[in-house]
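In the working numbering, the protein residues as written are 46 to 258.
The C-beta atom is built at its ideal place from N, Cα and C for all residues, glycine as well.
To keep things clear, I will list the structure first and then write my remarks on it.
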Amino acid sequence: MSDFRQDFLKFALEQNVLKFGEFTTKAGRQSPYFFNAGLFNDGASTLALARFYAQAIIESKIAFDMLFGPAYKGIILAAATAMMLAERGINVPFAYNRKEAKDHGEGGVLVGAPLKGRVLIIDDVISAGTSVRESVKLIEAEGASPAAVAIALDRMEKGTGEKSAVQEVEQQYGLPVVSIANLRDLLALLENDTNFRQYLAPVQAYRERYGVV
């Protein structure tokens, strides 16, 4: 059976969502790779992405009752992943938020199913943890409990301190973070696939400089 994490990274490369070269991160670091989940922007690629999310969530064995997608990227991710989970026999409701409160119709910032029970937050990446912080606040304000966070790629690199943004979220909120793939998976791909082995040394060097255990 193929490793879905490796399959995901290969798919991300095919879609030019994952690229190798020289890139400047938001933190001002020179990175040898770049990942932009916003480039999963058509029906087929979003469908495939949602299947990978569903697979990662199922394999994590995390207990949850519904999905929550933080605006804006998380909205389509939550909806699409709910569909793919339903195909696997796991039918759960989902909700998302607006950036601005609506003062007519149903009103408020929340759309979709009521936030109840254990809520799994779905986003593309965790950088500063701002989206998770806002999501947790919304979920708890409704009397529900955040269960975990699911993301596409964990870069496993230091944030402002010695911990990564993912580790900070896990520590601060006591929430497990599930990723479809992480930097270890990427290094394994570069080691095992001759088409990409030329990028192994720069990615390893980057990990040695900025990576977390």
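Any idea which residues DSSP pairs ALA195 with across the strands?
ILE167 and VAL223
When you measure from the CB of ASP52 to every non-hydrogen atom of the ligand NAD, does any distance come out below 8 Å?
Annotation note on the ligand NAD: not contained in the displayed structure, which lists no ligands.
In three-state terms, what does DSSP make of MET129?
helix
Could you check whether the region 183-203 touches the region 224-236, counting it as contact only if at least three pairs of C-beta atoms, one from each stretch, sit closer than 8 Å?
yes
Between GLN60, GLY204 and GLN100, which lies nearest to LEU84 when the distance is taken from Cα to Cα?
GLN60
Can you have a look at MET46 and say buried or exposed, based on whether 16 or more other CB atoms are within 10 angstroms of its CB?
Residue placement at MET46 is flagged as unreliable, the pLDDT there being 43, under the threshold of 50; the coordinate-derived value follows with that caveat. When all chains shown are included, MET46 counts as exposed.
Across which residues does DSSP place ASN142 in a beta bridge pair?
LEU155
Taking 8 Å as the threshold, find out whether the region 73-88 comes into contact with the region 178-192 through three or more Cβ pairs.
no
DSSP three-state call for MET46: helix, strand or coil?
In this prediction, MET46 has a pLDDT of 43, which is less than 50 and means its spatial position is unreliable; what the coordinates show is noted afterwards. It is coil, neither helix nor strand.
Three-state class that DSSP yields for LEU112 in the structure shown:
strand
Cross-strand partners of TYR78 (DSSP beta bridge):
PHE65
Is the CB-CB distance between VAL137 and GLY174 below 9 Å?
no
Beta-carbon gap between VAL194 and VAL156 smaller than 9 Å:
no
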